[in-house]
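A short write-up of the structure that comes next.
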Amino acid sequence: MNCLDRERLFSYAHGLLGEPEAAQVHAHLGECSQCREVVEHYERLDAVLEEWKPAEPSAWFDARVRQAVEAQEARRAARGFWGLGWVRGLALASLGVLVIAGVAWLTHRHRSVSTPSTLATQQPRQTTATQAPAEVAKLNPRAVTPRQAEKPRKPAPELQSAGVSPSEDEDARALDDYDLVADFDVLSELPKKGARVAD
Amino acid sequence: MAMESDLDLMLRVRAGDAASFETLLRRYRLPLVSFFHRMVRDQALAEDLAQEAFLRIYKARERYQPEARFTTWLYRIATNLALNAIRDRKDEVPEPASGDPDGGPALERFVDPKPTAEQKLLEGDRQRLIRQAVESLPGNQRAAVILHKYQEVDYRQIAQILSVSESAVKSLLFRAYETLRLRLEPLLREGQI
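In the order they appear, the protein sequences are chains A and B. So the first sequence is numbered by the working numbering: it starts at 22 and just counts up by one. So the second sequence is numbered by the working numbering: it starts at 861 and just counts up by one.
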C-alpha cells in the first residue's frame, strides 16, 4: 500500500482537510500502520507544545489600558477646533487662494501678450545692447530719442591728437563722456565737467 | 444571561459605550498578552504591545466595519505589532541559551536522565525548550503556529490575518511543525518511554 505524503497527514491531524478528503485519509489510516504512526507523532508533538503555558497579565495591566484610553480621549478633546481639523481647513483655504491667484495671473498674462500696443512696448526688451540706435529706432521709434537717432556715434573729433593743451584734453574727455552717456535717454544733461560716468 | 458577541460589543463601542470596551478588554486581555508573550518572549514588552493593540482598536472604533470577525481584526493588529517588534529587535543579542543556540546540545542534556527532585524546575526547562524551538521559527511561521495552536484561530482566519492564501497557511504550518518536530525530538522520544 502506498503511504500518503506527510503534509496530507499533518493536515489531517490538525483538522485542515475538508470533509471528503479527511474521510479518505481516515480510511487509509485504518489499513496503514506507517501513516498511523506519523499522525500519532504529530499528536504527540501537539501534546508537548501544550506544555508551554500562557503568561498572565500583570495586576496593573487593565489600569494601564484604561489610562491610555483616557489620555487618548483627553488629547482628542484638547485638539477640538484648534486641532487637526483647523489645520486641514487652513491648508485647503491657502491652496484655494493660490489656485485663484494662479488662474488670475495666467489670464492677465494671456491678455497682455495678445494686445498689439503692448507688443510694441515689449519689443525693445528683445533688442540687445549692441544694436545701433538706428536699428532700435526702426523697431520702436519711441525707444530712441531724436538726438540719438540723428547723431552718429563718435569717433571723437581730432582733439586727442598730440600737442593739445591740458584744458583742451579735459574738454575732449568731457565729450568722450558725453558720447558715452548719449545712448541713455534717461540723461538729459551733459555730464558736469570732470565727472565720470560709471561703467 | 447569554454572553454578548464580540461584534455587538464592538458596535456599541463604536457608538461610544465605554462599558462595552471594558468587557472586550476583560475578554481578550489574557489571550492578547499570552499571544504577545509567546511572540516576543519579554513580559513587559508583551504588555506594552497588548496595550497598544487595545488602544488601536479604541482609536479605530468609529471606522469599524463588521465585515470580518472581531478576532480576525484583533489578531491582525496584534500580529502586525508583534512582527514589527521582532523586526525592531532583530539586531539585539538573543537570550543566552544554556547550550547551542539551536537547542541541540541543550536538548540532549535535558533528556539525559538526571536525578533531579525538582519537578517544577524540570517543567520550567521543558517550557524553555519549547519556547526556544518556537522562537527559532521565522516570524510568519511563528505567528501561524501560535495563532493555530495556542489562540485556537481557524486556519481560514489565519489566512486573513497574515494576508496570505489558505493553502499558504497550511504550507506555513506544515513547515513550522516539521521544524518543531525535529527540534523537539528528544522531548517526543522521552514521552514515549
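C-beta: ideal position from N, C-alpha, C; glycine also.
Residues of the region 80-97 of chain A with a Cβ closer than 7 Å to any Cβ of chain B, in chain order: Phe82, Asp83, Arg85, Val86, Ala89, Val90 and Gln93.
Collapsing the DSSP output to three states places alanine 80(A) in coil. Around alanine 76(A), the beta-carbon contacts reaching into chain B at under 7 Å are Val893, Ser894, His897, Gln903 and Ala906. With distances taken between CA atoms, leucine 989(B) lies nearest to Pro1046(B) out of Pro1046(B), Val1029(B), Leu934(B) and Tyr924(B). Within 10 angstroms of the beta-carbon of methionine 899(B) lie 16 or more other beta-carbons, which makes it buried. The beta carbon of arginine 1035(B) lies closer than 7 Å to those of Gln1001 in the same chain, with the five residues before and after it left out. Under the three-state reduction of DSSP output, glutamine 1011(B) falls in the coil class, being neither helix nor strand. Each residue's CA atom was taken as its position, placing histidine 47(A) and alanine 34(A) some 10 Å apart. Not a single C-beta of chain A is nearer than 7 Å to the C-beta of lysine 950(B). The alpha-carbon separation between leucine 871(B) and tryptophan 81(A) amounts to approximately 27 Å.
Annotated as distal: leucine 1040(B) and arginine 65(A), with beta-carbon spacing of 7 Å or more.
Listed in chain order, the alpha helix (DSSP H) elements of length 4 or more contained wholly in the region 1012-1047 of chain B are 1015-1022 and 1026-1043. Using beta-carbon distances, leucine 934(B) does not count as an interface residue toward chain A, since no partner is under 7 Å.
The beta carbon of glutamate 922(B) sits closer than 7 Å to the beta carbons of Arg874 from its chain, once the five residues preceding and following it are set aside; these are given in chain order. A check of alpha carbon separations from leucine 1042(B) across His62(A), Ala76(A), Leu25(A) and Asp26(A) identifies His62(A) as the nearest.
For tryptophan 73(A), there is no enclosing alpha helix (DSSP H), since its DSSP letter is neither H nor E.
Inclusion of leucine 892(B) and alanine 904(B) in the CB contact set at 7 Å is not warranted, their separation being larger than that value.
Here serine 880(B) carries a helix assignment [DSSP, helix/strand/coil]. Residue Gln1020(B) holds the alpha-carbon nearest to the alpha-carbon of threonine 932(B) among Arg889(B), Ala1028(B) and Gln1020(B). About 6 Å separates the Cβ atoms of tyrosine 1037(B) and phenylalanine 31(A), confirming a contact at the 8 Å cut-off.
By alpha-carbon distance to alanine 95(A), the top candidate from Glu995(B), Pro926(B), Thr939(B) and Lys919(B) is Lys919(B). For the region 27-39 of chain A, the set of positions with a beta-carbon nearer than 8 Å to some beta-carbon of chain B reads Arg27, Glu28, Phe31, Ser32, His35 and Leu37 in chain order. Under the three-state reduction of DSSP, leucine 127(A) is assigned to helix. Under the DSSP assignment, alanine 44(A) falls in the alpha helix (DSSP H) whose first and last residues are 40-50. Look at the region 1007-1039 of chain B: the residues with a C-beta under 8 Å from a C-beta of chain A are His1008, Lys1009, Tyr1010, Tyr1015, Lys1030, Ser1031, Leu1033, Phe1034, Tyr1037 and Glu1038. For isoleucine 917(B), the enclosing alpha helix (DSSP H) covers residues 903-919. Under the three-state reduction of DSSP output, serine 996(B) falls in the coil class, being neither helix nor strand.
Taking every protein chain shown into account, the CB of serine 1027(B) has fewer than 16 other CB atoms within 10 angstroms, so this residue is exposed. Membership of tyrosine 935(B) in the alpha helix (DSSP H) is indicated by the continuous run 930-948. DSSP places leucine 869(B) inside the alpha helix (DSSP H), whose first and last residues are 866-874.
Under the Cβ distance rule, arginine 65(A) counts among the residues neighbouring chain B, one pair being separated by less than 7 Å.
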